Each structure stands twice: as C-alpha cells, then as structure tokens.
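Novice: To start, I am sharing the structure in question, which I have written as structure tokens.
Chains as they are written, first to last, in the UniProt record's numbering: chain S, 1 to 254; chain G, 1 to 254.
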C-alpha cells in the first residue's frame, strides 16, 4: 500500500486523483490546496485541507502545482525528511527544498480539465535522489502506466524543449493551416486525413525519412508562388524559416 | 460504366490503378507511360503502351504525372475534345492543353509506394471546365471516396500551401524533436503519445483554442532556458520565429 498526499488543485492534481483513486494499492490520505477544494465530487471533505500545518503523514507527497510555486511550497511544508516530488517537466528536482527527500513524478501529456485521461497510455518520467525513493516512485508510476522512464533533470529539460516543438509549435502550424482555409472558404476537414497521416508516419518511421514537399525537392517555383499567396507576414516568415531549415538539413545529402 | 485511361507510372498512378481496378463500375481501358511498365503485377501487358500514338478511346484520361510534365504531355495527346484531367495539388486546371476538355482529380494525401492506401478515407478535390465533365469526374471520385469536394484552382492552391504547413513543416518539427532526443540518449517514443494527442486535438477542436506552451503563457524564463539548450542555429531560429508568431497572434487577447 502506498500512502499519497496530493498538493495542488489544478488539472494535473485532478487527473492524478482520479487515477490513484482507482488503484487498490494506493491510498490518497489527504489533499492540500490553498482554497481547500475537493479534487473530485465524491471526495470526503475531511480529507481536504487548506491548512498547511495540518498535513498528515504519508509515504509520498506529490506537488501538482505551477512551476513557480514548487520552491516556495516545498519550503513551507511542516515536516522534514519525507519524500516530496513535483510533477513539472521543466523544473529541476533540486528546486524542492532539501529539508525533505526529493523526487519527480512527471506525466508527459497535455491535460485538459474536462477530458478523461487514460494514464496507461501516458509516459511517466521519474527521478529520485535516493535509491529507495526512486523505487517507491517507480512502483507508484507503474501502477498507472507501464511506460515509466527514469529521466534525469537535464534530460527532462531536453524532453520539455522537444515537446514544445512536437506539441506547441506543431499546433501553431495546424492553426495556420486552419486559418488559411477558413479565409478562403475551404473546409479545414479536407486536410484532416493528411494531418492524421503525418502524425501516424512520424510514429512509424524516423521523421527524417518522411520529409517531403517543395523545400525538400528544392522546388523554387512553388515556394515563390506559396509565399505570394500568404498575406500574413508572420506566416511568410515561418514559411521561409522552415523552408530554409529543411533545405539546409537535407541539402548536404542532395 | 466509366472507361478510364491512366497516364503515368508513379505512386499516384499505381494507387489509383489498384483503387479503380476494384470498382465494377470502372474499366481501366489502358495505361500509358514512357517506359511501358505495368502498374500492377496482374495487369495484362496488352493494356500497357509506351507509344503515345496508340492511346485508345476512353471517357476520361487521368494524367498522374509530375507537375512539370502536365503541360507537355497534354499537348502531345493524339486526340482532341476529350476529357483530360490531372492529379496535381498545385497546377491550375488550365495548364492542360485546351485542345481537350479540362478537369482535375486531386486525391489529397501523401502516397508511399509500398504502403496500402484506403481511398475511402482520402478527400478528393475535383474541378471541371464543363458541367457534364464535372459530373463524370464527381461520379468517378465518389466511387472511391464519399469525401469528394468541388474545389477551384485558386482554392486548390490555398489547400496546397496549407498542406505544406500541416504536413511538410509539421514533419520537420517532429524531426527536430526526434534529433534533440537522440542526441541526448532519450527515446523519442516518450513523446509519441503527446504527438498523437496533438494531432487528435486538432481534429476535435479549433487549433487556435488548443494553443498552450511557454510562448502562449509568455513564460520568458522558460523560453530563454530552451534557447540556451538548443545548440543548432537553425533550431534556435525556428524556436524564436514560432514563439514570436504565437505571442503576436494571441498577445492581443491577453
């Protein structure tokens, strides 16, 4: 049995609550957050506190709070030498106040509050300062997902910047595609199968081998025509920057 | 019964051959290509020609050839006033020599020669100069896919540039994510679920509403740290260009 206390009340805290609650091998001893709100309608009010001094004893304290709050909150905890982990992709483990034992429990996915999450499909990146703590964090992670990876703070930083390319920047390209279509009365749905296939391919083969398009072919006529079609300077700049990047990456091989 | 002649021997021609061959309402009268190769191992050699003068009669001639070849090939055809269409996303319909009736039959998907294609899921963009021709092209398209859209040459151009963002540029961002992980001994597989979720979200909600990340939050500390982590100037430039674009797009709303 792993006794867990959840700190925070945001999306990650709520999704973790639901996932932990389902596992017989996990007991959620208590939840702490500044407003003392429940993380789930079924949660017993007695198990929620907004009083940091009344936080109970547990095997692991999970701070599912904003990046900026990790340092302060961890320094305010009214106990020492217990295992405290955060759930952030970009904050180093040692940001946690060293009056307690430090660790990381980072589920790598975008969470939306109203959308159900299947943790079995989510990679969990874990880190622990002490070996016995790392084992406990690993056991907890494996109860949710077999995709559990031991990742250092430095590697987690790299994963985070990589995620910005794969998720945030990719979504911006999708939004440009969507905007251009809308402006010209073309249903963006026409591009949905291509979008799906692009993502599917990247999972099946190395994206370096899947690269196609005017930049890859060095098709200067099409590139010039496309740049003329784009009226938004920001879209033009992105088109030029990415075209140049593709050409310089693969140009050497031509 | 629609009688079809396929011109060309590339990926699109091969995939169209397979798809047409399955349809009882379609007869592939003949295939023409410069080398006289069969498009399928089962194809009867008598139905293949490399002699342009011996092209037979059909209801529709489909030129599945490279963009540059459309103008020349269409001007060499040894007949007039028949329906000739191309399959290109970026060439205007009127590039087809006007000695014949013009049209477009553009399946919007990336084709890989060794990968089976389910045409039922592929949008087909059609265009025709004359109404009766457009009807025939539409009938032919609907036999393969219910996702058939009437799209003008101008709109097709917009779709094509939009597809470059959604497919080619997106794939380059995936390849950067992959490269950064590889260089740091992190399995790119950890990012696969995030990549899938990003694409899935774009199909379910407007990508403008799905935008997240450091640029969106204007999290200058994280942005600065990410830029330091990137050693490749091309990756840095893409990071800066896209961050600026996201900030200027959504900044107004903040």
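We treat Cβ as the ideally placed atom computed from N, Cα and C, and that holds for glycine. Note that the structure is predicted; figures quoted are calculated from it, not measured.
1. State the beta-bridge partners of residue 16 of chain G as determined by DSSP.
2. Of the choices G/246, G/88, G/247 and G/235, whose alpha-carbon is the least far from that of residue 248 of chain S?
3. Output needed for residue 99 of chain S: all residues of its chain with C-beta closer than 6 Å, excluding positions within five of it in sequence on either side, in chain order.
4. So with Cβ pairs under 8 Å, would you call residue 144 of chain G a contact of chain S?
5. Between the Cα of residue 227 of chain S and those of G/203, G/107 and G/165, spot the shortest distance and give me the residue it belongs to.
6. How about residue 10 of chain S: is its C-beta nearer than 8 Å to some C-beta of chain G?
7. Does chain G have any CB closer than 8 Å to the CB of residue 72 of chain S?
8. May I ask which residues mark the beginning and end of the beta strand (DSSP E) holding residue 85 of chain G?
9. Going by beta carbon distance, what residues of the same chain come within less than 7 Å of residue 206 of chain S, once the five residues before and after it are set aside?
10. With a threshold of 8 Å on Cβ separation, who are the neighbours of residue 254 of chain G within its own chain once the five nearest residues in sequence on each side are excluded?
11. Counting along the chain, where does the alpha helix (DSSP H) carrying residue 139 of chain S start and finish?
12. Please report how far the alpha carbon of residue 160 of chain G lies from the alpha carbon of residue 90 of chain G, in whole angstroms.
13. Excluding the 5 residues preceding and the 5 following residue 222 of chain S in the sequence, name in chain order all residues of the same chain whose CB lies nearer than 6 Å to its CB.
14. Any C-beta of chain S sitting closer than 8 Å to the C-beta of residue 46 of chain G?
15. Looking at the secondary structure, which residues open and close the alpha helix (DSSP H) in which residue 230 of chain S lies?
16. Less than 8 Å between the beta carbons of residue 37 of chain G and residue 56 of chain G, yes or no?
17. Return helix, strand or coil for residue 39 of chain S, following the three-state DSSP convention.
18. Three Cβ pairs or more, each shorter than 8 Å: is that satisfied between the stretch 132-147 of chain G and the stretch 166-177 of chain S?
19. Tell me whether residue 127 of chain G sits in a helix, a strand or coil according to DSSP, three-state version.
20. Kindly indicate if chain S contains any beta-carbon less than 8 Å away from that of residue 168 of chain G.
21. Once you ignore the five residues that flank residue 119 of chain G on each side, which residues in its own chain have a CB closer than 6 Å to its CB?
22. Using the beta-carbon of each residue, which ones in chain G are nearer than 7 Å to residue 174 of chain S?
23. Count the other CB atoms within 10 Å of the CB of residue 163 of chain S; is the residue buried (16 or more) or exposed (fewer)?
24. Residue 214 of chain S touches chain G at which residues, Cβ-Cβ below 7 Å?
25. Tell me, please, whether the stretch 130-137 of chain G touches the stretch 180-191 of chain G by the rule of three or more beta-carbon pairs shorter than 8 Å.
26. Within the 8 Å Cβ cut-off, does residue 149 of chain G reach chain S?
27. Under 8 Å between C-beta atoms, does residue 254 of chain G make it to chain S?
28. Do we get a CB-CB distance below 8 Å when we pair residue 31 of chain S with the residues of chain G?
29. Count the other CB atoms, across all protein chains shown, that sit within 10 Å of the CB of residue 1 of chain S; report buried if there are 16 or more and exposed otherwise.
30. Is the CB of residue 138 of chain S under 8 Å away from at least one CB in chain G?
31. Could you tell me the alpha carbon to alpha carbon distance between residue 334 of chain G and residue 210 of chain G, rounded to whole angstroms?
32. Among S/130, S/116, S/199 and S/147, whose alpha-carbon lies nearest the alpha-carbon of residue 124 of chain S?
33. Can you give me, in chain order, the residues of the stretch 77-91 of chain S that have a beta carbon less than 7 Å from any beta carbon in chain A?
34. Starting from residue 30 of chain S and walking both ways along the beta strand (DSSP E), at which residues does that stretch end?
35. What does residue 177 of chain S touch in chain G if you count any residue whose Cβ is under 7 Å from its own?
36. Check whether the Cβ of residue 19 of chain G sits closer than 7 Å to any heavy atom of the ligand ADP, and report yes or no.
Specialist: The answer reads as follows:
1. Per DSSP, none; premise fails for residue 16 of chain G.
2. Among G/246, G/88, G/247 and G/235, the Cα nearest to that of residue 248 of chain S belongs to G/235.
3. Residues of the same chain with a CB within less than 6 Å of the CB of residue 99 of chain S, apart from the 5 flanking positions on each side, are 80 in chain order.
4. So, not an interface residue.
5. Of G/203, G/107 and G/165, the residue nearest in Cα terms is G/165.
6. Chain G, which has no Cβ nearer than 8 Å to the Cβ of residue 10 of chain S, makes this no.
7. No, no contact with chain G.
8. Residues 83-86.
9. Closer than 7 Å at Cβ, skipping near neighbours: no residue.
10. Unreliable positioning characterises residue 254 of chain G in this predicted model, as indicated by a pLDDT of 45, which lies under 50. The coordinate reading is nonetheless provided below. Cβ-Cβ distances below 8 Å link residue 254 of chain G to 218 in the same chain, with the five nearest sequence neighbours on each side left out; the list follows chain order.
11. Residues 131-144.
12. Between the alpha carbons of residue 160 of chain G and residue 90 of chain G lies a distance of about 6 Å.
13. Hits under 6 Å: 214.
14. No, no contact with chain S.
15. Premise fails: residue 230 of chain S is in no alpha helix (DSSP H) and is neither H nor E.
16. The Cβ-Cβ distance between residue 37 of chain G and residue 56 of chain G does not fall below 8 Å.
17. In the structure shown, the three-state DSSP call for residue 39 of chain S is coil.
18. They do not touch, by the three-pair rule.
19. Strand at residue 127 of chain G.
20. For residue 168 of chain G, a Cβ of chain S is located within less than 8 Å of the residue's own Cβ.
21. Scanning its chain for C-beta atoms nearer than 6 Å, with the 5 sequence neighbours on each side dropped, one finds around residue 119 of chain G the residues 19, 144 and 145, in chain order.
22. Against chain G, the beta carbon of residue 174 of chain S has neighbours under 7 Å at 166, 202 and 207, listed in chain order.
23. It is buried - the Cβ of residue 163 of chain S has at least 16 other Cβ atoms within 10 Å.
24. Simply 164.
25. The stretch 130-137 of chain G makes no contact with the stretch 180-191 of chain G: fewer than 3 CB pairs, one atom from each, lie closer than 8 Å.
26. Judged by the 8 Å Cβ criterion, residue 149 of chain G is in contact with chain S.
27. At residue 254 of chain G, the pLDDT of 45 sits below 50, so the modelled position is not reliable and the matter cannot be decided from this model.
28. No, its Cβ sits nowhere closer than 8 Å to a Cβ of chain G.
29. With fewer than 16 other Cβ atoms within 10 Å, it is exposed.
30. No, residue 138 of chain S does not count as interfacial toward chain G.
31. Here chain G has residues from 1 to 254 only, and residue 334 of chain G is not among them.
32. For the residues S/130, S/116, S/199 and S/147, the minimum Cα distance to residue 124 of chain S belongs to S/147.
33. Among the protein chains in the structure shown, which are S and G, there is no chain A.
34. For residue 30 of chain S, the enclosing beta strand (DSSP E) covers residues 26-32.
35. Within chain G, the residues 162, 165 and 166 have their CB atoms less than 7 Å from the CB of residue 177 of chain S, given in chain order.
36. Among the components modelled here there is no ligand, and therefore nothing to report on the ligand ADP.
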